[in-house]
Amino acid sequence: MVAALAGSVAATTAPAAASPAEDGDGSVYRGGIEVVRTAADSPDTPELTGTVFVDTGRDGTGDGDPGLAGVAVTNGRDVVRTDDEGRYRLPAFDNMTVSITQPSGYQVPLDEHNIPQFHYNHLPEGSPELRYGGIEPTGPLPSEVNFPLVESGLTAADTQSCVIAGDLQTYTAQEIEYARAGAIKDLSERHDYAGCGTLFVGDVVGDDLSLYPAVKDLVAETNGPARFLPGNHDLDFDAPSAAHSFDTFRAQLAPAYYSYEVGDVHVVALNTVDYPCTAAEDSPEGIERHCADPEGRPSYNGRLGEDQLAWLENDLAGVDEDKLVVVAGHIGLLNYADDSSPVHQVDQVARVHELLEGRSAVAVSGHSHSIENLKEGDDSAGWRELFGVEGLPFPHITAGAISGDWYSGEVGEEGYPTAIGRDGGRPGVVTLDVEGAEFRERYTVTGEPDGVQTQLGLNSPTYRTWFDERQEWNDDPVGEAPELEPLVLDRDDLAGGTWLTTNFFFGSTGSTVEVGLDGGPAEQAARTQRLEGEAVNVGAEYSDPYAVSQQLVHGGSLADRTMHLWRFDLPADLAAGRHTAEVTATDAYGRAFTDTLAFEVVDLP
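So for the sequence shown, the numbering used here puts the first residue at -18; every next one is plus one.
Structure below.
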């Protein structure tokens, strides 16, 4: 039941581009925002003013530089546009983050770690006492906060590759090195995403926020802007209220939510983590019970605050209808792995769908440590019951995780664990390849070329018995553990029902899998989860045997459900001896990937 992990290279690959965020003369625009303080600074000032300007001298100061009209500026609630001279005025209040939406054709400055600098935190007295520091006191409102930009051919191009990276989630310095040896090394060797950059969709670290500087050093090795949004493991857990629950994240990395543009793409980076948990009137059934922890411990759920919802509506109101909107959050609007959980999806998903009605859109997320490529029209029983959503109005993608299954499993020669996920998928990143307002998604397995897209195994009665026995032994490990003979079938296996499994990591509705045995004609395999409104299929019959054979031996989650698994029933009369299956997995865009699996049939005495 061990899979062949090699696969053929897809027919199409992304074009190369400059690196890292280089433009024109090949230099990277480094710097920060301009905060102007004078004797006129006042704690009673009701408005913040400033300028968005084109930094022709690349010195970060606006003296003599032209202002840029029409740029969106926000305080986290209101959104205004700069006037003909690049000036803006915004209502001011304590504990606000002021930021701009980078317009296409321009680049905000990057710091030495490739992190965009486009926001200012205003918190006069600073954060309450927090373990990881939070935001230092900012004092009175500045006289001006000015935002520099430079012109950029990279962000103007209508062809973009946007990397979506789920759950880096490093708990230790050792796991920082696992990430460096794996996905970060891959990104350092790619040069196709310099304009759009990488968006790390939350759980940047694993509760230890002192690791943020080490993460910054990691992303300094990537070849484009490195942006972040917050996850439930990026929280200041000792914050006294939700108003300060992401203060350290805001101080170190980015606003809690914001937007930016490249080409014909408008990216909305949301904070979908509500902490402490809120059981509001519009929350689905079960949230109130979840929030009322019997031991009094605070918890979280997937929810947008009222200010953020108001901002989202204002932000989208200024976006051209012909742009592609990418809605990103840590906790997904909806997902397959947790379709019946009111905690691991977003309370106001229907409202977000409504705001995006009629637009070209895609939602991307992390959190579930699973790979999910959900297409428009896909449907699940849990979504209907919890949120009244019957069929997705646009694609929803769960990007898997750089950490995979929390850096579990065997550590390979490359220097990082196998970390096979709860869906049987391998760690990696998603890329949205965009032309105009159209996109195609692809998944890149850590340490592999784009052509490695499938994982093969055999699901037999022997395997299913071993599945149950091994689970029991792991719960109470007495004596020797049950063993599994890899890729060997006997007559009882064939008579009792055996099928070849294809875990097509980014397979989706519209994908096909064909299997040819021993050079014979290819025949269609069947998808195990059709996403036509049925409940999630769970258990040994719906599992990935290769993934499970690793997880139940070397540790980790259990791949007993997935929306991207296909099965091909083997004939009961297969002759004894060696056999080879050639598997061709074709995605919804017609890109084909070929893999092979060799196995043996034996006649036992």
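C-beta atoms are modelled at their ideal positions from N, C-alpha and C, and glycine is treated no differently.
Close-in-space but distant-in-sequence residues of the same chain around residue i (CB under 7 Å, 5 per side omitted)
i, result
"Gly187", "Gln150, Thr151, Tyr152, His214"
"Pro463", "Trp447, Glu450, Arg451, Trp454"
"Ser191", "Tyr113"
"Glu515", "Ala362"
"Glu302", "Arg340"
"Glu15", "Gly41, Thr42, Gly43, Asn127, Pro129"
"Arg231", "Thr78, Asn102, Ile116, Ala237"
Cβ-based neighbour list, residue i, same chain, cut-off 6 Å, excluding 5 preceding and 5 following
i, result
"Arg445", "Ala521"
"Val582", "Leu470, Leu555, Ala557"
"Cys143", "Cys177, Leu413"
"Phe227", "Pro211, Ala237"
"Gln289", "Tyr238"
Residue nearest to residue i in terms of C-alpha spacing, selected from the options
i, options, result
"Asp473", "Glu287, Ile378, Trp387, Leu551", "Leu551"
"Arg511", "Gln505, Thr543, Thr482", "Thr543"
"Asp44", "Thr32, Ala344, Ala164", "Thr32"
"Phe549", "Asn440, Asp499, Phe487, Ser489", "Asn440"
"Phe485", "Pro502, Ser133, Ala528, Glu302", "Ala528"
"Glu106", "Asn95, Thr253, Pro118", "Pro118"
"Pro430", "Leu104, Ala164, Tyr159, Pro279", "Ala164"
"Phe375", "His350, Gly497, Asp184, Ala342", "Ala342"
"Glu262", "Leu251, Glu287, Val254", "Glu287"
"Val345", "Cys258, Asp148, Leu585, Gly514", "Asp148"
"His377", "Ala318, Pro398, Glu416, Gly385", "Ala318"
"Arg39", "Arg18, Gly13, Leu29", "Gly13"
"Ser85", "Val300, Ala503, Arg18, Pro47", "Val300"
"Lys595", "Thr203, Ala154, Asp499, Glu156", "Absent from the model: residue 595. The displayed extent of the chain is -18 to 586, so no value can be given."
"Arg18", "Tyr10, Thr30, Arg11", "Thr30"
"Ala137", "Gly500, Asp245, Gly478", "Asp245"
"Gly57", "Ser108, Asp320, Ala291", "Ala291"
"Val60", "Cys258, Asp296, Arg572", "Asp296"
"Ala540", "Ala146, Val517, Phe99", "Val517"
"Leu585", "Leu475, Ser524, Glu495, Ser264", "Leu475"
Three-way DSSP call (helix, strand, coil) for residue i in this model
i, result
"His103", "strand"
"Thr(-6)", "Residue placement at Thr(-6) cannot be trusted, given a pLDDT of 35 that sits under 50; what the coordinates show is reported in the next sentence. Reduced to three states, the DSSP call for Thr(-6) is coil."
"Ala291", "helix"
"Val547", "The displayed chain sequence assigns Trp, not Val, to residue 547. Strand."
"Val(-17)", "Residue placement at Val(-17) cannot be trusted, given a pLDDT of 34 that sits under 50; what the coordinates show is reported in the next sentence. Val(-17) falls in the coil class under three-state DSSP."
"Arg657", "Coverage of the chain is limited to positions -18 through 586, which leaves residue 657 absent and any answer about it impossible."
"Ile157", "helix"
"Asp189", "coil"
"Phe368", "helix"
"Leu585", "coil"
"Gly363", "helix"
"Val426", "strand"
"His311", "coil"
"Glu28", "strand"
"His348", "coil"
"Asn484", "strand"
"Ser(-11)", "Residue confidence is low: Ser(-11) scores 30 on pLDDT, short of 50, so the model does not pin down where it sits. Its coordinate-derived value is still stated next. Of the three classes helix, strand and coil, the one that applies to Ser(-11) here is coil, per DSSP."
Exposure label - residue i; buried when at least 16 CB within 10 Å
i, result
"Ala(-13)", "Unreliable placement is indicated for Ala(-13), whose pLDDT of 32 sits below 50; the coordinate value is still reported in the next sentence. Looking at its Cβ environment, which holds fewer than 16 other Cβ atoms inside 10 Å, Ala(-13) is exposed."
"Thr561", "exposed"
"Leu578", "buried"
"Gln532", "buried"
"Ser8", "exposed"
"Gln434", "buried"
"Pro398", "buried"
"Phe74", "exposed"
"Val196", "buried"
"Val54", "buried"
"Ala20", "exposed"
"Pro27", "exposed"
Under 9 Å between C-beta atoms of residue i and residue j
i, j, result
"His311", "Asn76", "no"
"Gln436", "Arg407", "yes"
"Ala566", "Thr493", "yes"
"Val411", "Arg423", "yes"
"Ala309", "Ala273", "no"
"Arg208", "Tyr174", "no"
"Leu293", "Leu336", "yes"
"Pro129", "Gly41", "yes"
"Thr37", "Val52", "no"
"Phe487", "His535", "no"
"Val131", "Tyr101", "no"
"Leu305", "Phe368", "no"
"Val254", "Gly183", "yes"
"Gly381", "Ile352", "yes"
"Pro221", "Tyr256", "no"
Residues near residue i in its chain [Cβ-Cβ closer than 8 Å; skip 5 each side]
i, result
"Ala569", "Lys356, Ser489, Thr490, Gly491, Ser492"
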